[in-house]
Amino acid sequence: MDAEDSDPARDQSGANDDSELSESSGDKQPEESSGKRKGGSKNGGRKKKKKASGALDMATVEGQLASDPGLSLEDAKLQAKREYNRQNAARARVRNKEMVEDLQKKVAFLTKRTEDLQRENEVLHAQVKVL
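Put into structure tokens, the structure is as follows:
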């Protein structure tokens, strides 16, 4: 059986990518997200990766039984479920780490932007006082 599994790496086509920056009055600002995903595929915009034809998928009952023929069906189901959950947890940790890094970049950008605007505001206030 040729099993497919979703790739933990995000689709590089830009699906729901808020980290893109747009030009606006000479300053770069993060794009606003509408909260909706682009590319309405059922796998959330992630690419699927085919496994090698000889590789066992340990997240399936068949894979568990093939690796340990003495395993009962119930134990194979339980082990397959645990392996599936282990793989999903690893992918979730990668996604969360990417999200935190992206948010840290946004915070740094917005902090710098705030400081720049405050300096510009001080200069403009000084000019108004002169007038």
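Converting from the sequence shown to our numbering requires adding 663 to each position, the first position being numbered 1.
Cβ coordinates follow ideal geometry from the N, Cα and C atoms, glycine included.
Residues in its own chain within less than 8 angstroms of residue i by CB, not counting five upstream and five downstream?
| i | result |
| --- | --- |
| Ser730 | Leu719, Met721 |
| Val791 | none |
Whose C-alpha, out of the options, is nearest the C-alpha of residue i?
| i | options | result |
| --- | --- | --- |
| Asn748 | Leu734, Thr723, Leu766 | Thr723 |
| Lys740 | Asn751, Glu764, Gly726 | Gly726 |
Can you look up residue i in the DSSP assignment and give me helix, strand or coil?
| i | result |
| --- | --- |
| Ala722 | coil |
| Leu794 | coil |
| Ser735 | coil |
With a 10 Å radius around its C-beta and 16 neighbouring C-beta atoms as the bar for buried, classify residue i as buried or exposed.
| i | result |
| --- | --- |
| Gln742 | buried |
| Leu728 | buried |
Near residue i, which residues of its chain fall below 7 angstroms by C-beta distance, leaving aside the five closest residues on each side in sequence?
| i | result |
| --- | --- |
| Leu780 | none |
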